[in-house]
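**Student:** In the UniProt record's numbering, the protein residues as written are 1 to 105. C-beta: ideal position from N, C-alpha, C; glycine also. Keep in mind that this is a model prediction, so the values were computed, not measured. Mind looking over this structure? Questions follow.
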Amino acid sequence: MDEERTLELIEYGVEALLLGAFTYLFAYQNYLLYRWHRGLPLPSKLPFLIIGAVVGLGFFLYKSREILKEVETRQPEVKPVKSGEKPLEGDVGSPEESDFSQWSD
1 MDEERTLELI EYGVEALLLG AFTYLFAYQN YLLYRWHRGL PLPSKLPFLI IGAVVGLGFF
61 LYKSREILKE VETRQPEVKP VKSGEKPLEG DVGSPEESDF SQWSD
């Protein structure tokens with residue numbers, strides 16, 4: 001992967017952390033607002049932490065899947081052979097040697 005893709009993955013990771021933290025805070029605050037009453041002990045934060053982690057991880061996987069698909073489908077770079085260099089094994093020779101020479105003018 002090139003540097004641009006790596007930076008995008010880091011950016012999505014930071015966004016996922018922020019989204020997970022905000023989801024946790026939002027869910028816990030709403031639970032306290034609508035279910036908790038004074039005098040009762042505070043509820044456990046663990047379920048809300050799990051919800052935040054799942055949302056953040058889901059976001060990161062969704063965004064990184066797009067980047068990884070793009071990298072997998074990208075064509076490999078073709079490097080031209082410079083004059084005087086010996087082509088690697090498996091490289092195609094001159095156009096006269098190819099099977100398509102019968103169609104050329």
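Reducing DSSP to helix, strand and coil, say where Arg38 ends up.
**Tutor:** coil
**Student:** State buried or exposed for Val55, treating a residue as buried only when at least 16 other CB atoms are found within 10 Å of its CB.
**Tutor:** buried
**Student:** Between the alpha carbons of Leu17 and Arg5, how many angstroms are there, rounded?
**Tutor:** 18 Å
**Student:** Pro43 and Trp36 look like a contact to me (Cβ under 8 Å); what is the Cβ gap, rounded to whole Å?
**Tutor:** 7 Å
**Student:** For a test of the three-state rule: what should DSSP assign to Lys45, helix, strand or coil?
**Tutor:** coil
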